[in-house]
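Set out below in structure tokens:
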């Protein structure tokens, strides 16, 4: 950074120039559409170009003056700030949010990209995890909630956004009762199967009926103890909607042999995002259902191949067909998971800003297969490292685009 | 010595940079760094300290609702040691930070898991199974048989005379085990083929095919003794107990379920269950061995039938394979395999089951078997997923002479 750098800031229209003429010239000069031009002209102070040297800055200002635009060249003062300004990092995927305009000069004071970061490491988590496992084994699973809280705390507190970390403040005592109830019920299901497969099947269906209630309550519970900047998340839970979303639609998806599965997933994501809020700012979900249906072909293909393997099982060696079916569904699952994560985050926004996710299928596939192989080779001991790698991937591929309101909100929280 | 950190007064979310100092009496003073004013006082005993989790910041909660955040873990631990000595205080964290403790924990976890899966769980389930009433799975057995009758099995095609003869031959063995309520029934095997299995309520099912494959009733008796072993040692019940505990335990360890963990978790469950199944088969084989010896029946009858069954199964598989290959390469069918293909489609015909053609295709079978020697690796790997031990292993003890000489 040897030569002084300048930002070109838009100040308005020159006196004596016709506004619509200036706008048209501006649009032609920067090759923009009318909507973007309007936005620029309406703003009070927007940076048109960042960090250019003096010669380029002068040319810029002169060009703009010629078409009737007032612009200043402002020397860039490198103010050390906690938040790091990073320009557009390729968030131009087809899944990107509609609000996201990856044009360099529309950033600046208005929208700021903040990346998520994860600061944990595999060995540190391994040490925590192995103690968890020992405790669970020695207590025959009774102390499992204690272990779960420790794990969650580790992952939350190592996740940072804008130099503030997330916190999980629940204590295990609160989780014990519900955990016990669920474990007891599952034990009863096993016993029912022992007595009679029919009773077992009935109690399993009963379990399915209780699960949406359990998930809904657990979600609310978990969110109320999740904090960002000392503000708790809230998850409202409407039982009727929870049942429709977690039981009704998935049931229809299964009955329709998977054809309605994309819609079921859409409904689940919509419900989960729209019932969340933080500090009074609700999350909103703006996804387009059409994009979900592009997930259907891989699912249907996997179903057909599985069916064929089962139907022709006499002709195909068992080991080969099992391996193929397992591998196939793993691929389908990863494909769905990556697409769904992108779809959900790219449709999530609040009044404070919006999210952009950039998960890529090839790298995530590589990561999953890598993790799988290493876990198999080490008989499962690699598990904590695998979890940390996934957490790191999640963080590096998610960014929050904050607006002015976010800045004010952070300031108000001290 | 002072703790540096951030102070939250509990009324607003504003934070201040402070220092915590402790005097000799155990009183903590919270001092604002910039202007050196004292913001709060409290005895250390009234402060709640959050537990260490990795290197994440830790909190001290003050009685009036304020909290202090810091990363200086060592100093806090020192204070805790001085003023609140307790064995459990951060035991978990002590274990985590010393590498030899971590290594020891790893060794302990692996050993305990292995010992539980190989010895502990089977022993416990055996104890439980024998302390539950014998009839606990009766209803399950009935429903299972009904299901099988509806889906896989067909009514038996053996004539009443054959069945009566076999049952008469079985009568002494059944009477010896009156408390097990053994009841022998016959069914058409269909896709299952030549087989026999026992249900937990004492029902022993023989398929028509295994009856026809046997050359005399002693062979069938050896199989009956094996099946009675399954009932006597309550293998179904033990298998359910062991299977559910393993599944449950593994599901809990892998906690928050994602696809990868689900997949990985099912593998050890499957392998362990198959291993348990093989042990049960060995126990049932032992029961047969003891029975044969006690009743002065020669051991080779078991071996003969087992060998024949295995041969038939392998041959069947190879024939299908070669038949499929012929179809795919559009070769004109040889006279021998054509009968196999036509009979395969004819399942209503009592004599059609393709396995019968094994006798007719013996030459072809031997040739195919010589060509398709399974690789050692293949056998070893598939061995882990097999529900029964390899036939050679099973018949080994039957090939040895019994301890007491017969007359």
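Chains as they are written, first to last, in our numbering: chain W, 1 to 414; chain F, 1001 to 1407. Note that beta-carbon positions come from the ideal geometry of N, C-alpha and C, so glycine has one too.
Report yes or no: do the segment 111 to 129 of chain W and the segment 153 to 165 of chain W share at least 3 C-beta pairs separated by less than 8 Å?
yes
Is the beta carbon of residue 1229 (chain F) less than 9 Å from the beta carbon of residue 1179 (chain F)?
The sequence position of residue 1229 (chain F) within the second chain is 229, counting from 1. The sequence position of residue 1179 (chain F) within the second chain is 179, counting from 1. Cβ atoms of residue 1229 (chain F) and residue 1179 (chain F): not closer than 9 Å.
When the Cα atoms are used, what is the spatial distance from residue 1129 (chain F) to residue 194 (chain W)?
Reading the second chain from its first residue, position 129 is the one you call residue 1129 (chain F). Reading the first chain from its first residue, position 194 is the one you call residue 194 (chain W). Between residue 1129 (chain F) and residue 194 (chain W), the C-alpha separation is close to 12 Å.
Residue 7 (chain W) lies in the beta strand (DSSP E); which residues open and close that run?
Walking along the first chain from the start, residue 7 (chain W) turns up at place 7. Where residue 7 (chain W) is concerned, the enclosing beta strand (DSSP E) stretches over 5 to 13.
Excluding the 5 residues preceding and the 5 following residue 1198 (chain F) in the sequence, name in chain order all residues of the same chain whose CB lies nearer than 6 Å to its CB.
As a working note, residue 1198 (chain F) is residue 198 in the second chain. Result list for residue 1198 (chain F): 1204, 1227, 1230, 1231, in chain order.
Given that a residue counts as buried once 16 or more other Cβ atoms are within 10 Å of its Cβ, and exposed if not, what is residue 1249 (chain F)?
Here the question's residue 1249 (chain F) lines up with position 249 in the second chain. Buried: at least 16 other Cβ atoms inside 10 Å.
Under a three-way DSSP split, which group does residue 17 (chain W) fall into?
The residue given as residue 17 (chain W) occupies position 17 in the first chain. Reduced to three states, the DSSP call for residue 17 (chain W) is coil.
Residue range of the unbroken alpha helix (DSSP H) whose run includes residue 315 (chain W):
The sequence position of residue 315 (chain W) within the first chain is 315, counting from 1. Where residue 315 (chain W) is concerned, there is no enclosing alpha helix (DSSP H), given that its DSSP letter is neither H nor E.
Taking only the alpha-carbon atoms, compute the straight-line gap between residue 286 (chain W) and residue 340 (chain W) and give it to the nearest angstrom.
Here residue 286 (chain W) corresponds to residue number 286 of the first chain, with the count starting at 1. Here residue 340 (chain W) corresponds to residue number 340 of the first chain, with the count starting at 1. Answer to the nearest angstrom: the Cα atoms are 14 Å apart.
State the Cα-Cα distance for the pair residue 1324 (chain F) and residue 322 (chain W), rounded to the nearest angstrom.
Position 324 of the second chain, counted from the first residue, corresponds to residue 1324 (chain F). Position 322 of the first chain, counted from the first residue, corresponds to residue 322 (chain W). Roughly 19 Å separates the two Cα atoms.
Please list, in chain order, all residues of the same chain as residue 1214 (chain F) whose beta carbon is under 7 Å from its beta carbon, the five residues on each side excluded.
In the second chain, the residue the question calls residue 1214 (chain F) occupies position 214. Only 1220, 1305 meet the Cβ criterion.
Can you find a CB in chain W that lies within less than 9 Å of the CB of residue 1038 (chain F)?
Translated into positions along the second chain, residue 1038 (chain F) becomes position 38. It does not; no Cβ of chain W falls within 9 Å.
Can you find at least 3 beta carbon pairs, one from the segment 1296 to 1304 of chain F and one from the segment 1392 to 1401 of chain F, that sit closer than 8 Å?
yes
At least 3 beta-carbon pairs within less than 8 Å: the segment 362 to 372 of chain W vs the segment 400 to 411 of chain W
no
Determine, using beta carbons only, whether residue 80 (chain W) comes closer than 9 Å to chain F.
Numbered from 1 along the first chain, position 80 holds the residue referred to as residue 80 (chain W). Its pLDDT being 38, under 50, residue 80 (chain W) is placed unreliably by the model, and nothing is read from it.
Is residue 183 (chain W) closer than 9 Å to residue 141 (chain W) when the C-beta atoms are compared?
The count along the first chain starts at 1 and reaches residue 141 (chain W) at position 141. The count along the first chain starts at 1 and reaches residue 183 (chain W) at position 183. Against a cut-off of 9 Å, the Cβ pair of residue 183 (chain W) and residue 141 (chain W) comes out as a contact.
When burial is assigned at 16 or more other CB atoms within 10 Å of the CB, is residue 1435 (chain F) buried or exposed?
The requested residue 1435 (chain F) does not occur in the structure, where chain F is confined to residues 1001 to 1407.
Output the distance between the C-alpha atoms of residue 162 (chain W) and residue 278 (chain W), rounded to the nearest integer angstrom.
Within the first chain, numbered from 1, the residue matching residue 162 (chain W) stands at position 162. Within the first chain, numbered from 1, the residue matching residue 278 (chain W) stands at position 278. If I take the Cα positions, the gap works out to 16 Å.
Taking 6 Å as the limit between beta carbons, can you name the residues of its chain near residue 1028 (chain F), skipping five residues before and five after?
Position 28 of the second chain, counting from 1, holds the residue named residue 1028 (chain F). Only 1020, 1022, 1042, 1044 meet the Cβ criterion.
Please report how far the alpha carbon of residue 1083 (chain F) lies from the alpha carbon of residue 1026 (chain F), in whole angstroms.
Here the question's residue 1083 (chain F) lines up with position 83 in the second chain. Here the question's residue 1026 (chain F) lines up with position 26 in the second chain. Computed Cα separation, rounded: 7 Å.
With H, G and I counted as helix, E and B as strand and the rest as coil, what does DSSP make of residue 45 (chain W)?
Reading the first chain from its first residue, position 45 is the one you call residue 45 (chain W). Residue 45 (chain W) falls in the coil class under three-state DSSP.
Is DSSP giving residue 278 (chain W) helix, strand or coil here?
Counting from 1 along the first chain, the entry for residue 278 (chain W) is found at position 278. Strand at residue 278 (chain W).
Could you give the C-beta distance for residue 1218 (chain F) and residue 1297 (chain F), rounded to a whole number, given that I count them as a contact under 8 Å?
Within the second chain, the letter at position 218 stands for residue 1218 (chain F). Within the second chain, the letter at position 297 stands for residue 1297 (chain F). Going by Cβ atoms, the distance from residue 1218 (chain F) to residue 1297 (chain F) rounds to 6 Å, so yes, they are a contact pair.
Any beta-carbon of chain W closer than 9 Å to the one on residue 1322 (chain F)?
Within the second chain, residue 1322 (chain F) is the residue found at index 322, counting from 1. So no, residue 1322 (chain F) is outside the interface.
List the residues of chain F whose Cβ lies closer than 8 Å to the Cβ of residue 303 (chain W), in chain order.
Looking up residue 303 (chain W) in the first chain gives position 303. Here the premise fails: no neighbours, minimum Cβ distance about 17 Å.
Inter-residue CB distance, residue 1237 (chain F) and residue 1136 (chain F) (contact presumed, cutoff 8 Å):
Numbered from its first residue, the second chain carries residue 1237 (chain F) at position 237. Numbered from its first residue, the second chain carries residue 1136 (chain F) at position 136. Yes, they are in contact, since the Cβ atoms of residue 1237 (chain F) and residue 1136 (chain F) sit about 7 Å apart, within 8 Å.
Check whether the segment 1146 to 1162 of chain F touches the segment 1268 to 1282 of chain F, taking contact to mean three or more Cβ pairs, one atom from each stretch, closer than 8 Å.
no
Name the chain F residues whose beta carbon is nearer than 8 Å to that of residue 175 (chain W)?
For the purposes of this step, residue 175 (chain W) is identified with residue 175 of the first chain, where counting begins at 1. Simply none; closest approach about 13 Å.
Do we get a CB-CB distance below 9 Å when we pair residue 97 (chain W) with the residues of chain F?
Taking the first chain and counting its residues from 1, the one referred to as residue 97 (chain W) is at position 97. Residue confidence is low: residue 97 (chain W) scores 49 on pLDDT, short of 50, so the model does not pin down where it sits. Its coordinate-derived value is still stated next. No, no contact with chain F.
At a CB-CB cut-off below 7 Å, which residues of chain F make contact with residue 196 (chain W)?
Translated into the one-based positions of the first chain, residue 196 (chain W) becomes position 196. In chain order: 1139, 1140, 1143.
Exposed or buried, residue 202 (chain W), counting other C-beta atoms within 10 Å across all chains shown (16 or more means buried)?
Counted from its first residue, the first chain places residue 202 (chain W) at position 202. With fewer than 16 other Cβ atoms within 10 Å, it is exposed.
Within chain W, partners of residue 1253 (chain F) - CB distance below 8 Å:
Residue 1253 (chain F) sits at position 253 when you count from the first residue of the second chain. Correct list: 133, 136.
Within 10 Å of its beta-carbon, does residue 1056 (chain F) have 16 or more other beta-carbons around it, so buried, or fewer, so exposed?
In the second chain, residue 1056 (chain F) corresponds to position 56, counting from 1. The residue in question, residue 1056 (chain F), is buried, as its Cβ has 16 or more Cβ neighbours within 10 Å.
The segment 1380 to 1391 of chain F: which residues have C-beta closer than 7 Å to a C-beta of chain W, in chain order?
1382
Cβ-based neighbour list, residue 179 (chain W), same chain, cut-off 6 Å, excluding 5 preceding and 5 following:
Looking up residue 179 (chain W) in the first chain gives position 179. Taken in chain order, the residues that qualify are 145.
My output table needs one value for residue 1306 (chain F): the three-state DSSP class, helix, strand or coil.
Locating residue 1306 (chain F) in the second chain gives position 306, counting from the first residue. It is helical.
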